[in-house]
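Novice:
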Amino acid sequence: DSGVTQTPKHLITATGQRVTLRCSPRSGDLSVYWYQQSLDQGLQFLIQYYNGEERAKGNILERFSAQQFPDLHSELNLSSLELGDSALYFCASSVDPDGQPQHFGDGTRLSIL
Amino acid sequence: QQPVQSPQAVILREGEDAVINCSSSKALYSVHWYRQKHGEAPVFLMILLKGGEQKGHDKISASFNEKKQQSSLYLTASQLSYSGTYFCGTEPIQGAQKLVFGQGTRLTINP
Chain A
1 DSGVTQTPKH LITATGQRVT LRCSPRSGDL SVYWYQQSLD QGLQFLIQYY NGEERAKGNI
61 LERFSAQQFP DLHSELNLSS LELGDSALYF CASSVDPDGQ PQHFGDGTRL SIL
Chain B
1 QQPVQSPQAV ILREGEDAVI NCSSSKALYS VHWYRQKHGE APVFLMILLK GGEQKGHDKI
61 SASFNEKKQQ SSLYLTASQL SYSGTYFCGT EPIQGAQKLV FGQGTRLTIN P
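Chains A and B supply the protein sequences, listed in that same order.
To convert, note that position 30 of the first sequence is 30 in my numbering; the numbers rise steadily by one, no gaps.
To convert, note that position 110 of the second sequence is 110 in my numbering; the numbers rise steadily by one, no gaps.
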């Protein structure tokens, strides 16, 4: 158990819809990362927050957005969903963003029908 | 820039050794190693920060070359539990604030 909690575990929805994925980091961790893992793209970094502020952006689509709240939990919002958005979405957390191990949650599997 | 991992896949018998490589075209700030079992989250193994560094625990160790462009993960006397996909994640420079992962190396350990 990494201490990182992601909900829900599975999401099944249709194209064009919007979903919200939630992540609670390990106790004491200030940095939260979001990753997308698909069969053809591997593990892709999406975005990082540190203590409520956006710190780094990766290959995140404009249809996707995220935020980190004062209690440090984070949400990833995916809108106008397309079939290609089907993937496993992981959240990870670390104490701080520099050279620190990241601890991953169990992921949310998103299936777009 | 995505690091290159090799080999893409390895099949071993229990007790054999394996080496997984991770290469970058530019010097790195750090290299992270993770193992992911099918359907599970990646699990942190270790992080290397210094050129020439070697570290490990149990029978899994890793090195980071002096130029900080290549890292290798060593699994000795492999156990069935070592099966999974191994990823290296690289930080290009200090403060880059994100990891770029290689495509992974699938390791299968057979009895």
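Quick reminder that beta carbons are idealized off the backbone N, C-alpha and C, glycines included.
Ignoring anything shorter than 3 residues or poking outside the stretch 8-50 of chain A, list the beta strand (DSSP E) runs there in chain order.
Specialist: Complete beta strand (DSSP E) runs here, min 3: 10-13, 19-24, 31-38 and 42-50.
Novice: Check the Cβ of A/S2 against every Cβ in chain B and list those closer than 7 Å, keeping chain order.
Specialist: Residues of chain B with a Cβ closer than 7 Å to the Cβ of A/S2 are, in chain order, A41.
Novice: Name, please, each residue of chain B whose Cβ falls closer than 8 Å to the Cβ of A/Q67.
Specialist: Going along chain B, no residue has its Cβ under 8 Å from A/Q67, so there is no contact; the nearest lies around 17 Å.
Novice: What distance in whole Å lies between the Cβ atoms of B/Y29 and B/L45, which are believed to be in contact at a cut-off of 8 Å?
Specialist: At roughly 18 Å, the Cβ-Cβ gap does not stay under 8 Å, so B/L45 and B/Y29 are not in contact.
Novice: Check whether the Cβ of B/F44 lies closer than 9 Å to any Cβ atom in chain A.
Specialist: yes
Novice: Where do the N-terminal and C-terminal ends of the beta strand (DSSP E) with B/L75 fall, by residue?
Specialist: Q70 to L75
Novice: Can you list, in chain order, the residues of its chain with a C-beta nearer than 6 Å to that of B/V10? Leave out the 5 residues immediately preceding and following it.
Specialist: A18 and L107
Novice: Going by C-alpha distance, which of B/K55, B/V43 and B/E66 is nearest B/K26?
Specialist: Between B/K26 and the set B/K55, B/V43 and B/E66, the nearest pair of CA atoms involves B/E66.
Novice: Give me the DSSP bridge partner(s) of A/S111.
Specialist: A/I12
Novice: Tell me which same chain residues have a C-beta within less than 7 Å of the C-beta of A/R55, skipping the five on either side of it?
Specialist: Q48, Y49 and P97
Novice: What separation, rounded to the nearest whole angstrom, lies between the Cα atoms of A/V19 and B/E40?
Specialist: 22 Å
Novice: Tell me which residue opens and which closes the beta strand (DSSP E) that B/H32 is part of.
Specialist: Here the beta strand (DSSP E) through B/H32 covers S30 to Q36.
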